[in-house]
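Below: one structure, written as C-alpha cells.
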Amino acid sequence: MRKYGLIGKSLGHSFSKKYFDELFLQDGSGNRFELFPLENIHDFPSLVQSEPGLKGVAVTIPYKECVLQFLDRLDETALLTGAVNCISLGDELVGYNTDVVGFEESLKPLLEPHHIGALVLGTGGASKAVQFVLNKLRLPFTLVSRDASKGINYTSIDADLLIKYPVLINCTPVGMYPGSDKFPAIPYHLLGSRNFLFDLIYNPAETIFLKEGKRRGAKTENGLKMLQVQADANLAIWEGTV
Numbered sequence: 059m060r061k062y063g064l065i066g067k068s069l070g071h072s073f074s075k076k077y078f079d080e081l082f083l084q085d086g087s088g089n090r091f092e093l094f095p096l097e098n099i100h101d102f103p104s105l106v107q108s109e110p111g112l113k114g115v116a117v118t119i120p121y122k123e124c125v126l127q128f129l130d131r132l133d134e135t136a137l138l139t140g141a142v143n144c145i146s147l148g149d150e151l152v153g154y155n156t157d158v159v160g161f162e163e164s165l166k167p168l169l170e171p172h173h174i175g176a177l178v179l180g181t182g183g184a185s186k187a188v189q190f191v192l193n194k195l196r197l198p199f200t201l202v203s204r205d206a207s208k209g210i211n212y213t214s215i216d217a218d219l220l221i222k223y224p225v226l227i228n229c230t231p232v233g234m235y236p237g238s239d240k241f242p243a244i245p246y247h248l249l250g251s252r253n254f255l256f257d258l259i260y261n262p263a264e265t266i267f268l269k270e271g272k273r274r275g276a277k278t279e280n281g282l283k284m285l286q287v288q289a290d291a292n293l294a295i296w297e298g299t300v
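So the number in the numbering used here is just where the residue sits in the sequence shown, counting from 1, plus 58.
What follows is the structure in C-alpha cells.
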C-alpha cells in the first residue's frame with residue numbers, strides 16, 4: 059500500500075481525493091490519497107518528515123511556485139515553466155509539471171483555425187503551464203493581470219483585442235467554489251461565436267465566466283479533463299511507470 063496526497067492552502071474545492079479514491083478502489087491496490095492543507099508553504103518540510111510513508115504529492119494553489127525552494131531537483135518541464143504541480147518523495151524530492159500535458163491534451167483538440175491568439179488571465183503557477191503550451195503550439199498570447207507590471211489590465215480588453223486574441227483562458231481562482239458567484243472582469247458583451255473560453259476551474263463545472271461566454275455563442279471548456287490527465291500523469295510518476 060502506498061500513500062499519496064495533495065498540498066494546498068484551501069482544499070475544499072478539490073476533486074482529487076474523490077478521483078484517486080475511486081481509482082484505487084477499482085484497481086484493488088489499497089493505495090490511499092489524503093488532503094494536506096498547509097497554512098504556509100514553510101510547513102511542507104514538517105509534513106514530509108511527519109509522513110514517512112508518503113510517496114508523492116500533487117500541488118495546487120497557491121504553492122506551485124514557492125514550493126520549488128524545498129525540492130532537490132526539477133524535471134525539464136518544471137524547470138522551464140518555473141512551476142510544479144507534482145512531487146515524488148524518496149531519496150530526493152523531485153518536482154514535475156504535469157499541468158502542461160493536462161492542458162495541452164485538453165486544449166489542442168478544441169482549437170479551430172480562427173483561434174489565432176489567446177488572452178491568458180492570470181500570471182501564477184497554473185498560468186506558467188498554459189504559457190508553456192501556447193508557446194509550444196506557436197499560438198500568440200498576451201497576459202492579463204491586475205498587476206500592471208505583469209500584463210495588460212483587464213480594462214484594456216476591447217473589441218479589437220478580442221479579434222486578435224479570440225481565445226480567453228482563465229488561470230485565476232476567480233469563480234472557483236466556494237466563490238462561485240465571482241467572475242473575471244472582462245467585457246462579456248463583446249464576446250461572440252468566434253471566441254473560445256477555457257476555464258482551468260472544474261468546480262463548479264460551469265463558472266459564470268463560461269456561462270456568460272456560452273450565452274453569447276462562444277465555445278467553452280472547463281478544467282476537468284485537464285485535472286484527469288494531469289492526475290493520471292502524476293500517478294505514473296509516483297509509481298515509476300513512465
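Backbone N, C-alpha and C define an ideal beta-carbon position, used for all residues, glycine too.
Rounding to the nearest angstrom, what Cα-Cα distance links residue i and residue j in this structure?
i      : j      : result
Gly111 : Ser164 : 33 Å
Glu134 : Ala243 : 34 Å
Phe102 : Ile119 : 14 Å
Gln127 : Leu64  : 18 Å
Gly237 : Lys166 : 29 Å
Leu105 : Pro95  : 10 Å
Phe73  : Ile174 : 32 Å
Leu248 : Gly153 : 40 Å
Ile215 : Leu293 : 39 Å
Gln286 : Lys222 : 31 Å
Tyr260 : Leu282 : 5 Å
Arg252 : Pro224 : 7 Å
Gly70  : Ile210 : 31 Å
Phe91  : Asp79  : 7 Å
Leu201 : Phe267 : 17 Å
Gly86  : Asp239 : 39 Å
Leu132 : Lys269 : 38 Å
Phe241 : Tyr235 : 11 Å
Gly250 : Glu123 : 35 Å
Compare the Cα-Cα distances from residue i to each of the options and report the closest residue.
i      : options                           : result
Lys208 : Val188, Asn228, Leu197 and Gly182 : Gly182
Phe161 : Lys75, Leu192 and Leu138          : Leu192
Leu219 : Ser74, Pro245, Phe91 and Lys240   : Pro245
Lys327 : Asp85, Leu93 and Ile174           : Nothing in the structure corresponds to residue 327, since the chain is present only between 59 and 300.
Gly271 : Val152, Asp130 and Asn228         : Asn228
Leu81  : Asp290, Ile295 and Gly298         : Asp290
Gly233 : His247, Met284, Ala263 and Phe91  : Ala263
Thr265 : Arg204, Thr230 and Asn211         : Thr230
Tyr212 : Gln189, Val188, Gly180 and Ala187 : Gly180
Tyr121 : Ser108, Asp130, Ala141 and Glu170 : Ala141
Leu129 : Glu109, Glu150, Val117 and Lys113 : Glu150
Ala187 : Thr156, Asp85 and Trp296          : Thr156
Val159 : Met284, Lys269, Arg131 and Lys240 : Met284
Ile296 : Glu109, Lys113 and Lys240         : Reading off the sequence, residue 296 comes out as Trp, not Ile. Minimum Cα distance to Trp296 is reached at Lys113.
Leu169 : Leu226, Glu109, Arg204 and Asp85  : Leu226
Thr139 : Gly298, Phe190 and Gly250         : Phe190
In or out: residue i buried (at least 16 other Cβ within 10 Å) or exposed?
i      : result
Val178 : buried
Val300 : exposed
Met59  : exposed
His172 : exposed
Leu83  : exposed
Ala206 : exposed
Ala217 : exposed
Asn89  : buried
Leu137 : exposed
Gln288 : buried
Gln107 : exposed
Ser185 : buried
Can you tell me the Cβ-Cβ gap for residue i and residue j, rounded? I've got them flagged as a contact below 8 Å.
i      : j     : result
Val115 : Ile99 : In fact, because the Cβ distance is near 12 Å, the residues do not count as touching under 8 Å.
Glu97  : Lys67 : 7 Å
Next item on the list: Inspect the CB distances between the region 249–260 and the region 269–279 and report whether three or more fall short of 8 Å.
Entry: yes
Next item on the list: Indicate whether the contact test is met: 3 or more Cβ pairs, each with one atom in the region 191–206 and one in the region 136–153, closer than 8 Å.
Entry: no
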